[in-house]
Amino acid sequence: MKGIVSRVLANRDVEEEIDHYLVEATAKVALGFVDELEKAYAHIGRHPESGSPRYSHQLGLADLRFWRLGRYPYLIFYVERDEHIDVWRVLHEQRDIPAWMSDA
0 MKGIVSRVLA NRDVEEEIDH YLVEATAKVA LGFVDELEKA YAHIGRHPES
50 GSPRYSHQLG LADLRFWRLG RYPYLIFYVE RDEHIDVWRV LHEQRDIPAW
100 MSDA
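For the sequence shown, counting from 1, position 34 maps to 33 in numbering that gives the first Met the number 0; every step adds exactly one.
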């Protein structure tokens with residue numbers, strides 16, 4: 000299993016979503032988000048090739064993949080490296096993904 004290395008923007012995305020759930024929902028919902036994120040990271044670490052390359056062509060990033068969180072509408076964007084998984088962003092699936100990924 001490969002380790003997960005999150006970029007600054009991915010960490011910021013996660014922190015913002017946790018804060019959002021704490022304000023707009025409950026601590027239980029926020030903890031559920033964290034649990035789903037940890038499950039998704041574990042899956043990606045074991046099976047990095049299982050993520051969809053859908054946006055890789057559109058963004059011109061050949062190795063970019065994404066994986067959807069289980070019960071939450073978020074996508075983890077990542078690139079598999081030799082030694083680890085490089086997580087670029089964790090974005091709501093309804094966002095303009097190409098525009099948000101251009102910040103990465």
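Ideal placement from N, C-alpha and C gives every residue a C-beta, glycine not left out.
The DSSP-derived three-state label of His-56 is helix.
Of Arg-11, Arg-53 and Pro-47, the smallest CA-CA separation from Gly-2 is found for Pro-47.
Spatial neighbours of Met-0 in its own chain (CB-CB distance under 8 Å, excluding positions within 5 residues in sequence) are listed in chain order as Ala-41, Gly-44 and Arg-45. Between the segment 53-69 and the segment 78-93 there are three or more C-beta pairs closer than 8 Å, enough to call the two in contact. The alpha carbon of Val-13 has as its nearest neighbour, out of Ala-29, Ala-24, Ala-98 and Thr-25, the alpha carbon of Ala-29. Annotated three-state conformation of Gly-31 is helix, per DSSP. Assigned with DSSP and collapsed to three states, Arg-11 falls in helix.
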